[in-house]
Amino acid sequence: MTGISLAGAGVLLNACRPPSNSSNSSSSATNDENKNDTAPGEATAVDVTATEDLMREHGILRRTLLVYQESATRLRQDPNSVPPDALEKAVTLFRVFGEDYHEQKLEEVFVFPLVKKSPGTPAMYVDVLLGQHARGREITEYLLAITKLDRIPSHSVEPVAKALESFVRMYEHHTAIEDTVIFPVWKSAVGEAELDVIAAKFEEIEVQLFGEDGFEVALKRMEEIETALGMSNLEMFTAPAPPTLR
Ligand SMILES: [Fe+2]
Ligand SMILES: [Fe+2]
67 MTGISLAGAG VLLNACRPPS NSSNSSSSAT NDENKNDTAP GEATAVDVTA TEDLMREHGI
127 LRRTLLVYQE SATRLRQDPN SVPPDALEKA VTLFRVFGED YHEQKLEEVF VFPLVKKSPG
187 TPAMYVDVLL GQHARGREIT EYLLAITKLD RIPSHSVEPV AKALESFVRM YEHHTAIEDT
247 VIFPVWKSAV GEAELDVIAA KFEEIEVQLF GEDGFEVALK RMEEIETALG MSNLEMFTAP
307 APPTLR
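Its first residue numbered 67, the sequence shown is counted upward by one per residue in the working numbering.
Quick look at the structure:
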């Protein structure tokens, strides 16, 4: 995949922001200025710990998985109901924010090496998680190639739906293990004081890659994708009432 580089990450994530966001850009600049005004160690409204940061990034990735699952269902019902460019934006978001940033720059550099040294089960998970990062990239590559086309070829509809579903299945398990096993082990291995230093490093990397708060950029992008696919109404996902017991 040559079309996406980290250097262009911020540009890519920003590419589809509506013009009205120009006011947001200036407000984000203002936020940055305010941030600089904040005394060291002073809490701000957006202060997050390193583990909270990783977990809220999982929140963005899970929302992408919801888009993937819904797209797979719709593709099987009516292939024309999923505009390839909207799906491509979701796949690009997962590549840039999930794979190139969250996985490659944070988990594989800061989290996994330390967890790997911990005795017992968590260390054994690391190789599997790394293998899943690699498989995820392969699937992303495939999805990017297919969604670049004007329409998904009819012979590819079922393979794409299957690829989307297997990706969702893998990452539901992957992020659940990271949230409940890997991050807690990492947090206690790092220690509270060092955790603050790492949180600041995460922030620095985000600004370096995205030009501003990467989470905020990704969140806005996610909302645009959900709106384009008619998935922005949370209520549509409320489960129906269960059957009455007789
Ligand atoms: Fe991961
Ligand atoms: Fe993760």
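Glycine residues also receive a C-beta, built at the ideal position from the N, C-alpha and C atoms.
Worksheet item: Which one of R287, D262, A259, L209 has the shortest CA to CA distance from A138?
Response: Closest by alpha carbon: L209.
Item to complete: Classify R287 as buried or exposed, calling it buried when 16 or more other Cβ atoms lie within 10 Å of its own Cβ.
Response: With 16 or more other Cβ atoms within 10 Å, it is buried.
Practice prompt. Just the C-alpha distance for K183 and K171, rounded to the nearest angstrom, thanks.
Written response: Computed Cα separation, rounded: 19 Å.
Fill in: C-alpha gap between D245 and M121, whole angstroms
If I take the Cα positions, the gap works out to 7 Å.
Worksheet item: Taking the C-alpha atoms as reference points, what is the distance between V181 and V192?
Response: Rounded to whole angstroms, the separation of the alpha carbons of V192 and V181 is 7 Å.
Fill in: Sequence-distant residues of its chain with Cβ nearer than 8 Å to R129 (five each side left out)
These residues qualify, in order along the chain: M288, E292.
Worksheet item: According to the Cβ coordinates, are L311 and Y237 closer than 7 Å?
Response: No, the Cβ-Cβ distance between L311 and Y237 is not below 7 Å.
Fill in: For A307 and E123, the rounded distance between their alpha carbons
Cα to Cα, E123 sits roughly 31 Å from A307.
Worksheet entry | Start-end ranges of the alpha helix (DSSP H) lying completely within the stretch 155 to 242, minimum 4 residues | Along the length of the stretch 155 to 242, whole alpha helix (DSSP H) runs at least 4 residues long occupy 178 to 182, 187 to 213, reported in chain order.
Worksheet item: Is there at least one non-hydrogen atom of ligand 2 closer than 6 Å to the beta-carbon of E174?
Response: No, the beta carbon of E174 sits no closer than 6 Å to any heavy atom of ligand 2.
Worksheet item: According to DSSP, is P306 helix, strand or coil?
Response: Three-state DSSP puts P306 in coil, outside helix and strand.
Discussion item. Here's a check: name, in chain order, each residue in its chain whose Cβ is nearer than 6 Å to the Cβ of P309, leaving out the five neighbours to either side.
Written reply: Same-chain partners within the cutoff: there are none.
Worksheet item: Taking 6 Å as the line, does the beta carbon of E165 fall inside it for any heavy atom of ligand 1?
Response: For E165, the distance from the CB to the nearest heavy atom of ligand 1 is not below 6 Å.
Item to complete: Using beta-carbon positions only, say whether F268 and D113 come within less than 7 Å of one another.
Response: For F268 and D113, no; Cβs fall outside 7 Å.
Item to complete: Measuring alpha carbon to alpha carbon, tell me which of T304, H239, A284 ends up nearest K155.
Response: If we check each option's Cα against that of K155, A284 comes out closest.
Item to complete: If I'm right that E165 touches T206 with Cβ under 8 Å, what's the distance once you round it to whole angstroms?
Response: That belief holds up - the Cβ atoms of E165 and T206 are roughly 6 Å apart, short of 8 Å.
Discussion item. For a quick check, are the C-beta atoms of P223 and P145 less than 7 Å apart?
Written reply: Here residue 223 turns out to be Val, not Pro, going by the sequence shown. Taking a C-beta distance under 7 Å as the contact criterion, V223 and P145 qualify as a contact pair.
Worksheet item: Given that a residue counts as buried once 16 or more other Cβ atoms are within 10 Å of its Cβ, and exposed if not, what is A152?
Response: With at least 16 other beta carbons inside 10 angstroms of its own, A152 counts as buried.
Worksheet item: Is the distance from the Cβ of G280 to the Cβ of E290 below 7 Å?
Response: Contact: no.
Fill in: Range of the contiguous alpha helix (DSSP H) that encloses P145
Taken as a continuous stretch (DSSP letters only), P145 belongs to no alpha helix (DSSP H), as it is neither H nor E.
Fill in: Spatially closest choice to A255 from P179, Q135, L141, by CA coordinates
Closest by alpha carbon: P179.
Discussion item. Which of the three DSSP states is assigned to E289 in this structure?
Written reply: Residue state, collapsed to three classes: helix.
Worksheet item: For ligand 2, is there a heavy atom less than 6 Å away from the beta-carbon of E244?
Response: Yes, the beta carbon of E244 sits closer than 6 Å to at least one heavy atom of ligand 2.
Item to complete: Mark E260 as exposed unless 16 or more other C-beta atoms lie within 10 angstroms of its C-beta, in which case mark it buried.
Response: Under a 10 Å Cβ-count criterion, E260 is classified as exposed, with fewer than 16 other Cβ atoms of the shown protein chains found around its own Cβ.
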